[in-house]
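With positions in the sequence shown counted from 1, the corresponding number in the numbering used here is that position plus 2.
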Amino acid sequence: MGPVLAGVLQLLALIAALALAYIPLGNYMATVYSSDKHWRVEKWVYKGIGANPDTEMTWSAYLRGVLAFSAVGVLFLYLLMRLQGVLPGSLGFSSVDPAQSFNTAVSFVTNTNWQSYYGEQTMGHVVQTAGLAVQNFVSAAVGMAVAVALVRGFARSRTGELGNFWSDLVRGTLRILVPAAAIAAIVLVACGVIQNFSGIHEVGQFMGGSQQWNGGAVASQEAIKEIGTNGGGYFNANSAHPFENPTPFTNLFEISLILVIPFALTRTFGVMVGSVKQGYAILATMATIWLGFVALMMWTEFAHHGPALQAAGGAYEGKEVRFGVGASSIFAVSTTLTSTGAVDSFHSSFTGLGGGITMLGMMLGEIAPGGVGSGLYGMLVMAVIAVFIAGLMVGRTPEYLGKKIGTREIKLAACYILITPALVLVFTAVSMALPTPPHSMLNTGAHGFSEVLYAFTSASNNNGSAFAGLNANTDWFNTMTGLAMLLGRFLPMVFVLALAGSLAGQKPVPVTAGTLRTEKPLFTGLLVGAIVIITGLTYFPALALGPLAEGLAS
3 MGPVLAGVLQ LLALIAALAL AYIPLGNYMA TVYSSDKHWR VEKWVYKGIG
53 ANPDTEMTWS AYLRGVLAFS AVGVLFLYLL MRLQGVLPGS LGFSSVDPAQ
103 SFNTAVSFVT NTNWQSYYGE QTMGHVVQTA GLAVQNFVSA AVGMAVAVAL
153 VRGFARSRTG ELGNFWSDLV RGTLRILVPA AAIAAIVLVA CGVIQNFSGI
203 HEVGQFMGGS QQWNGGAVAS QEAIKEIGTN GGGYFNANSA HPFENPTPFT
253 NLFEISLILV IPFALTRTFG VMVGSVKQGY AILATMATIW LGFVALMMWT
303 EFAHHGPALQ AAGGAYEGKE VRFGVGASSI FAVSTTLTST GAVDSFHSSF
353 TGLGGGITML GMMLGEIAPG GVGSGLYGML VMAVIAVFIA GLMVGRTPEY
403 LGKKIGTREI KLAACYILIT PALVLVFTAV SMALPTPPHS MLNTGAHGFS
453 EVLYAFTSAS NNNGSAFAGL NANTDWFNTM TGLAMLLGRF LPMVFVLALA
503 GSLAGQKPVP VTAGTLRTEK PLFTGLLVGA IVIITGLTYF PALALGPLAE
553 GLAS
């Protein structure tokens, strides 16, 4: 079997698995967030934190809950890393320095999971399990909660109430993420991923010396790392490491974990707004972009530039032979079109255009299908922009799901789509202009610029993957990427929740013959076009200086 055919067959198997899970998982999540009953364990949690889960919140109260919970998470994780040297189960590792502790705490709380350290040489068992793994669950649940609040904004009318953040947070964690991760972890252990709390071992003789490996609760962390679109690896090699991802089957299984909740949330959206066709329209938009990116990535990585690549059958540099070019291309697209950031190959080693595709996936806003929760609310904001554009073209007041898109709504949507590009481009420009930060680049020229552009694109979009050549463990990059992650996570949430509150307060608009049918393929095409054009106009100059220049020169 040729490598191209193998890649295509793996893609078809992945699509089939996602299709089987789509309706039952989407319906289940809609039931979870619509139920008025609480599990006993949930009641214990509410009592412990002093929250009343039956109290409805306005958008501002909901936002305060998000920010307060996240701030406590950053502080707890920061202190845990600063005290690691005196904690049991530290494997002899010292406390993490302040800049890196700040960066890592922000990274995991914002669902970015950017790592400027070697996981197996820096973090002990306590930090990995009680700190990082816990944030993998709750940071994903926060994103899902915000998405559900926006869906309620479309579904409700004449009210300023969007549900209860604490209820949404706890249900998302205990009813969705924990059971899903438990099942996934069992599958991974059965397929060879390690799960233990062993210490550091000397492994054989290696070039005159020995190699050291430490164990860990890898399978359980790998499961929530993927299913929560987190991405932070137990080992520095991330999902390219055989302890995290040993076989082609686990590789495909982990890709399915990355995509299953973001895609299924479109079904949840359709059920909660009372029109599954609207969910299918959003699904079609996400799937069109994802499949287009996969096709482009496979084409660039299988293209034969020169005799070496012809002999190898594709661009194998930086890729695991056990996965191949096709599976690595699917993984790279899936992890950058979501907020996962996990890698089973190194994006810096992709072809120039292939590296550009990974960047462009993040620059779209990671909405195809995006992170758990963040992908759905990002796509719905883009839908608001698309109906506004359509309204301008036909001279009608734009409407979406029975809600008028007026001045306030379009201002909030515009602020949402502007904040992340501003962070990416400003931080990149400042880093390139100052004398010291460019010293962290491994390469010069277009590829070196791509390393910095990729870093701030990843941080600002809460992705977490890296271009590998950049030394980001400096005070500058630890601090600046930390700020980019904070602002890139929570400023958009402000605009999303404000938009949800504005929509929920409206009375529904009746459907007429002139109403734009947003469940039709025409709207899907309009939405795809709006996303691509807006992103292209925003980022094309920066891409032209980096991956496009490198790709055209090769």
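Heads up, the beta-carbon is just placed ideally off N, CA and C, and yes, glycines get one too.
Since the model is a prediction, treat every value here as computed from it, not as a measurement.
Check, Outcome
"C-beta contact flag for valine 128 and leucine 89 at 8 Å", "yes"
"Same chain, Cβ closer than 6 Å to leucine 557, neighbours up to 5 away in sequence not counted", "Here the chain comprises residues numbered 3 to 556, so residue 557 is not present and cannot be evaluated."
"Straight-line Cα distance separating valine 396 from glycine 233", "43 Å"
"Whole-number beta carbon distance between glycine 155 and glycine 503, since they are thought to touch under 8 Å", "7 Å"
"With 16 other Cβ atoms within 10 Å as the buried cut-off, status of tyrosine 120", "exposed"
"Cβ neighbours of methionine 365 in the same chain (closer than 7 Å, five flanking residues each side left out)", "Thr459, Thr537 and Tyr541"
"Beta-carbon gap between leucine 69 and phenylalanine 492 smaller than 8 Å", "yes"
"Lysine 413 - containing alpha helix (DSSP H), residue span", "409-435"
"Rounded separation between tyrosine 64 and serine 36 - CA only", "17 Å"
"8 Å contact criterion, which asparagine 464 and glycine 373 should meet: CB distance rounded", "7 Å"
"When Phe255, Arg158, Thr514 and Val136 are compared against isoleucine 185, the one with the closest alpha-carbon", "Phe255"
"Nearest neighbour of valine 220, chosen from Asn480, Ser118 and Leu190 [CA to CA]", "Leu190"
"Nearest-angstrom Cβ-Cβ length linking serine 467 and valine 454, presumed shorter than 8 Å", "About 14 Å separates the two Cβ atoms, so there is no contact after all."
"Three CB pairs or more closer than 8 Å across the stretch 337-346 and the stretch 236-254", "yes"
"Proximal residues to isoleucine 202 (C-beta, below 8 Å), its chain only, five neighbours per side dropped", "Leu93, Gly94, Gln214, Trp215 and Asn216"
"Where serine 347 sits in the DSSP three-state scheme", "strand"
"Per-residue burial, proline 400 [other beta carbons within 10 Å of its own, 16 or more giving buried]", "buried"
"Boundaries (first-last residue) of the alpha helix (DSSP H) holding alanine 19", "5-36"
"Segments assigned alpha helix (DSSP H), at least 4 residues, entirely inside the stretch 260-340", "278-304, 309-314 and 326-338"
"Sufficient close CB pairs (3 or more, under 8 Å) joining the stretch 20-28 to the stretch 262-269", "yes"
"Touch test, the stretch 516-536 against the stretch 329-340, Cβ-Cβ under 8 Å, three pairs minimum", "no"
"Per-residue DSSP class, three states only, for isoleucine 202", "strand"
"Residue range of the unbroken alpha helix (DSSP H) whose run includes aspartate 99", "Where aspartate 99 is concerned, there is no enclosing alpha helix (DSSP H), given that its DSSP letter is neither H nor E."
"Reduced DSSP category for tyrosine 120 - H, G, I as helix; E, B as strand; rest coil", "coil"
"Whole-angstrom distance between lysine 522 and glycine 357, CA atom to CA atom", "34 Å"
"Reference glutamate 303, options Ala283, Tyr318 and Ala289, closest by Cα", "Tyr318"
"Nearest to threonine 249 (by Cα), restricted to the options Val323, Pro100 and Ala305", "Val323"
"C-alpha gap between isoleucine 421 and serine 62, whole angstroms", "19 Å"
"Which listed residue (Met146, Met3, Gly320 and Gln12) has its alpha carbon closest to that of glycine 230", "Met146"
"CB of asparagine 480 within 8 Å of CB of phenylalanine 104, strictly", "yes"
"Residue of Ala500, Thr124 and Phe271 minimising C-alpha distance to valine 34", "Phe271"
"Top-ranked residue by Cα proximity to serine 258, from Leu7, Pro371, Thr483 and Thr112", "Pro371"
"Reduced DSSP category for threonine 112 - H, G, I as helix; E, B as strand; rest coil", "coil"
"Test item: CB-CB of alanine 544 and threonine 430 under 8 Å", "yes"
"Lysine 49 in three-state terms, based on DSSP", "helix"
"CB of glutamine 561 within 8 Å of CB of serine 118, strictly", "Because the chain is modelled from 3 through 556, residue 561 falls outside the range shown and cannot be assessed."
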